[in-house]
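A.B. asks: Protein chains in written order, with the numbering used here: chain A, 4 to 260; chain B, 132 to 144.
Where a beta carbon is used, it is the ideal one built from N, C-alpha and C, also for glycine.
Provided herewith is a single structure, encoded as structure tokens, for subsequent inquiry.
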């Protein structure tokens with residue numbers, strides 16, 4: 004038996020909306036520690052890792068480890084039916100190939116029950132090494148979204164360069180070139196407005212912009228985003244979900260042919 | 132430029 008209650012159905016809805024274009028089917032692994040999902044896009048260029056800790060839920064019960072394969076577009080269809088302030092309760096047991104989503108309005112006057120068919124998904128579990136990164140940049144998530152969207156109108160790829168003083172995002176295309184330079188900014192009223200650059204050694208990497216633009220769909224989930232880079236390694240783009248976990252996106256770099 | 136795949140970075144466990 005699995006049962007978990009979230010104060011805001013809208014949170015899971017936003018999470019699924021932010022990842023469902025990259026991965027259409029995925030298996031949620033449920034255990035005493037929480038809910039996890041890890042899946043690569045069909046081209047094996049990007050990976051989504053979602054972790055929702057059990058202590059971040061209002062109620063969390065998983066008698067034994069349990070896998071729930073779901074079509075994320077179907078899941079999104081159901082989560083869209085939740086009211087803005089509804090709570091969400093998820094229930095599933097191994098006897099049925101179903102997961103139930105219960106949406107309850109704040110005054111408990113409306114209770115909606117949606118049952119989603121689970122599916123068997125053959126997915127391989129990947130070991131993601133806990134690497135030390137050459138550079139870590141934290142910046143407002145809306146700023147990162149703006150940068151990748153703006154550069155996406157100029158070129159297909161972005162060259163990210165981190166030095167001690169700044170991080171530069173550069174793109175080139177048929178119409179011309181663009182460079183956006185962000186300096187470290189620590190003296191802000193709100194911590195989430197900071198741009199923090201931690202550099203062990205300078206890095207310069209190139210990535211496909213369309214994936215980064217896709218990752219930035221998670222902007223509404225967190226005020227700030229952390230970008231971790233090492234030469235010739237996949238970049239990690241992390242959105243921390245307050246009090247409950249994170250969604251991380253990994254993207255393999257482009258390399259010289 | 133060529134696109135690297137994640138398969139060479141993350142091993143199946």
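Report, in whole angstroms, the separation of the C-beta atoms of residue 99 of chain A and residue 28 of chain A, which I expect to be a contact under 8 Å.
C.D. replies: For residue 99 of chain A against residue 28 of chain A, the beta-carbon gap comes to about 19 Å, at or over 8 Å, which does not count as contact.
A.B. asks: Closest to residue 192 of chain A by CA distance: which of A:17, A:37 and A:143 is it?
C.D. replies: A:143
A.B. asks: What does residue 18 of chain A reach in chain B if we use C-beta pairs closer than 7 Å?
C.D. replies: What residue 18 of chain A touches in chain B: nothing, since even the nearest Cβ is about 21 Å away.
A.B. asks: Work out the CA separation of residue 9 of chain A and residue 15 of chain A for me, nearest whole Å.
C.D. replies: 8 Å
A.B. asks: Going by DSSP, what residues sit across from residue 55 of chain A in a beta bridge?
C.D. replies: According to DSSP, which records beta bridges pairwise, residue 55 of chain A is partnered with A:38 and A:248.
A.B. asks: Determine, using beta carbons only, whether residue 134 of chain A and residue 233 of chain A come nearer to each other than 8 Å.
C.D. replies: yes
A.B. asks: For a contact meaning CB atoms closer than 9 Å, what does residue 253 of chain A contact in chain B?
C.D. replies: 137, 140 and 141
A.B. asks: Determine the DSSP secondary structure at residue 223 of chain A, reduced to helix, strand or coil.
C.D. replies: helix
A.B. asks: For residue 114 of chain A, count the other beta carbons within 10 Å of its own beta carbon; 16 or more makes it buried, fewer makes it exposed. Which is it?
C.D. replies: Residue 114 of chain A should be labelled exposed.
A.B. asks: With a cut-off of 8 Å, does the C-beta of residue 256 of chain A fall near any C-beta of chain B?
C.D. replies: Yes, residue 256 of chain A counts as interfacial toward chain B.
A.B. asks: What do you reckon, are the CB atoms on residue 165 of chain A and residue 200 of chain A nearer than 8 Å?
C.D. replies: yes
A.B. asks: Find out if the Cβ-Cβ distance for the pair residue 160 of chain A, residue 210 of chain A is shorter than 8 Å.
C.D. replies: yes
A.B. asks: Using alpha carbons as the reference points, say which of A:72, A:168 and A:82 lies closest to residue 125 of chain A.
C.D. replies: A:72
A.B. asks: What residues in its chain sit with their C-beta under 6 Å from that of residue 5 of chain A, if we drop five residues either side in the sequence?
C.D. replies: 33, 65, 69 and 95
A.B. asks: I need the boundaries of the beta strand (DSSP E) containing residue 200 of chain A, first residue and last residue.
C.D. replies: 199–202
A.B. asks: Within 10 angstroms of the Cβ of residue 203 of chain A, are there 16 or more other Cβ atoms? Answer buried if so, exposed if not.
C.D. replies: exposed
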